[in-house]
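Student:
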Amino acid sequence: MVTIQEISKFIAEKFVKNYTKKTHLYEERNELEIEIANLEVKKNAFIDILKPESISESTDKKIFPLILGTPALRMSITTLGSLPTHDHIKFHNKNTIYPIGYQCKRKYKPHNRYTKNNQDKIFYFCTVKDTDHILEISTNDGRKWTGIDLWGLFVQDFDEVTEYGNVDEFFGLNHPTVQKMIEELGDISVFVNYLPLKERKDKKQR
0 MVTIQEISKF IAEKFVKNYT KKTHLYEERN ELEIEIANLE VKKNAFIDIL
50 KPESISESTD KKIFPLILGT PALRMSITTL GSLPTHDHIK FHNKNTIYPI
100 GYQCKRKYKP HNRYTKNNQD KIFYFCTVKD TDHILEISTN DGRKWTGIDL
150 WGLFVQDFDE VTEYGNVDEF FGLNHPTVQK MIEELGDISV FVNYLPLKER
200 KDKKQR
C-alpha cells in the first residue's frame, strides 16, 4: 500500500524535475534570442559591405525596432541609446546599465486613470533621460511617471501589477539580449558596481 509520505515524495520530486526543466528551457530560449540578435547585427554589417557607401543606412535603422519577449510580455526597443560619459554611478546598478536615450514600448493594461477609450491594453513608452530623474514611463493619454520612486508611483495606478517585479524588468533592461547589446556599446569598466552578464551567468552555474 502506498503511503502519504511516498505520494508526497513522488509529487515533490516531480515538481523539482519539471521546475528544473522549465528553468533550462528558459535559459536556452534566452541564449537563442541573443544568438538571433547577434546574427541580425552580423547580417546587417555584411549588407553594408555589399551596398554602395552612398546608400548605406545606419545600424539603428536596420535592427530597430527590435522585438523581444513572449507574446504576452512582448516589447519593442526603438533606440538602444548610448553609454553615459558622466555621472556613471547614477546610470547603473549591480545588474543594469541605463544608456542615455534608450527607448522601448510595450502594451500593458490601462492604468486606473485612463479615460480615452475602453481597451484591454495600451502602449507604455519607457525612456532613459539625461536628467535628475533618469527614468520615465509615459502613455498616449499624457500620463507620465518619473522620480525617485517611479516604480512605486506606477504600481499605485493599477489594481495590481504581477507580471513585472521592478522597473528594470518593465523597461526590458534585464533581458539578456538587451544587456549584451548595451555592454557592446563601449567601455563598461567605468560602471564600477556593474557585474557583466557573463560573470553573472558563470556565477549562477557554479
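Per numbering that gives the first Met the number 0, the very first residue in the sequence shown carries number 0; after that it's consecutive. Built from N, CA and C at the ideal position, the CB exists for glycine as well. The model shown is predicted, which means the values in this text are computed figures rather than measured ones.
1) Within its chain, find whatever has a CB closer than 8 Å to the CB of L212; leave out the 5 residues flanking it on each side and keep chain order.
2) Who are A122's beta bridge partners in DSSP?
3) Please return the same chain residues whose Cβ sits closer than 8 Å to the Cβ of G171, not counting the five positions on each side in sequence.
4) Measure the CB-CB distance between T138 and F122 and report whether it falls below 8 Å.
5) Classify K128 as helix, strand or coil using the three-state DSSP reduction.
6) For F206, I'd like the list of residues in its chain whose CB is within less than 8 Å of its CB, leaving aside the five on either flank, ordered along the chain.
7) Which residue or residues does DSSP assign as beta-bridge partners of I66?
8) Suppose you measure from the CA of P109 to the CA of L152; what does that come to, to the nearest Å?
9) Under the three-state reduction of DSSP, which class applies to S137: helix, strand or coil?
10) Can you grab the Cα-Cα spacing for the pair S81 / L184, in whole Å?
11) Based on the DSSP output, what are the partners of I187 in its beta bridges?
12) Between the Cα of H85 and the Cα atoms of E159, D201, E5 and K128, which residue gives the shortest distance?
13) What does DSSP give as the partner residue(s) for S81 in the beta ladder?
14) Look up H174 in the DSSP assignment and say whether it is helix, strand or coil.
15) Which residues in the same chain have their Cβ closer than 7 Å to the Cβ of L72, if we skip the five residues on either side of it in sequence?
16) Report the partner residues of T145 according to the DSSP bridge assignment.
17) Under three-state DSSP, which class holds H87?
18) Just verifying my parser: in three-state terms, what is the DSSP assignment at E56?
19) Pick helix, strand or coil for K93, following the three-state DSSP scheme.
20) Buried or exposed: which applies to F169, given that a residue is buried once 16 or more other Cβ atoms fall within 10 Å of its Cβ?
21) Which residue wins for smallest C-alpha separation from T114, given the options D131, D156 and P64?
Tutor: If we stick to the structure as given:
1) Absent from the structure is residue 212, since the part of the chain shown begins at 0 and ends at 205.
2) The residue you call residue 122 lines up with position 123 of the sequence shown. Residue identity differs from the one stated: residue 122 is Phe in this sequence, not Ala. Bridge partners of F122: K106.
3) Here residue 171 is taken as the residue at index 172 of the sequence shown, counted from 1. Closer than 8 Å at the Cβ level, and outside the excluded window around G171, lie L67, G68, M74, I76, C103, R105, C125 and V177.
4) For the purposes of this step, residue 138 is taken as residue 139 along the sequence shown, with counting starting at 1. For the purposes of this step, residue 122 is taken as residue 123 along the sequence shown, with counting starting at 1. It is a contact, given that the beta carbons lie within the stated cut-off.
5) Translated into positions along the sequence shown, residue 128 becomes position 129. Correct three-state label for K128: coil.
6) No information on residue 206 is available, as it lies outside the stretch 0 to 205 that the chain covers here.
7) Position 67 of the sequence shown holds residue 66. Paired residues: S75.
8) Position 110 of the sequence shown, counting from 1, holds the residue named residue 109. Position 153 of the sequence shown, counting from 1, holds the residue named residue 152. If I take the Cα positions, the gap works out to 15 Å.
9) Here the question's residue 137 lines up with position 138 in the sequence shown. Residue state, collapsed to three classes: strand.
10) For the purposes of this step, residue 81 is taken as residue 82 along the sequence shown, with counting starting at 1. For the purposes of this step, residue 184 is taken as residue 185 along the sequence shown, with counting starting at 1. C-alpha separation (whole angstroms): 7 Å.
11) Within the sequence shown, the letter at position 188 stands for residue 187. Note: I187 sits in no beta bridge, so no partner.
12) Indexing the sequence shown from 1 puts residue 85 at position 86. Cα-wise, what sits closest to H85 is K128.
13) What you label residue 81 is simply residue 82 of the sequence shown in a count that begins at 1. I99.
14) Locating residue 174 in the sequence shown gives position 175, where the first residue counts as 1. Coil at H174, not helix or strand.
15) Start at 1 with the first residue of the sequence shown, and residue 72 comes out as number 73. So the list reads E162, once near-sequence residues are dropped.
16) Numbered from 1 along the sequence shown, position 146 holds the residue referred to as residue 145. BP columns for T145 point to E135.
17) Looking up residue 87 in the sequence shown gives position 88. Three-state result, H87: coil.
18) Taking the sequence shown and counting its residues from 1, the one referred to as residue 56 is at position 57. With a pLDDT of 41 at E56, under the threshold of 50, the predicted position of this residue should be treated as unreliable, though the coordinate-derived value follows. Three-state DSSP puts E56 in coil, outside helix and strand.
19) In the sequence shown, residue 93 corresponds to position 94, counting from 1. Looking at K93 - three-state DSSP - the assignment turns out to be coil, as it is neither helix nor strand.
20) Here residue 169 refers to the residue found at position 170 of the sequence shown. With 16 or more Cβ atoms within 10 Å of its Cβ, F169 is classed as buried.
21) Taking the first residue of the sequence shown as position 1, residue 114 is located at position 115. Looking at the Cα atoms, D156 is the closest of the given residues.
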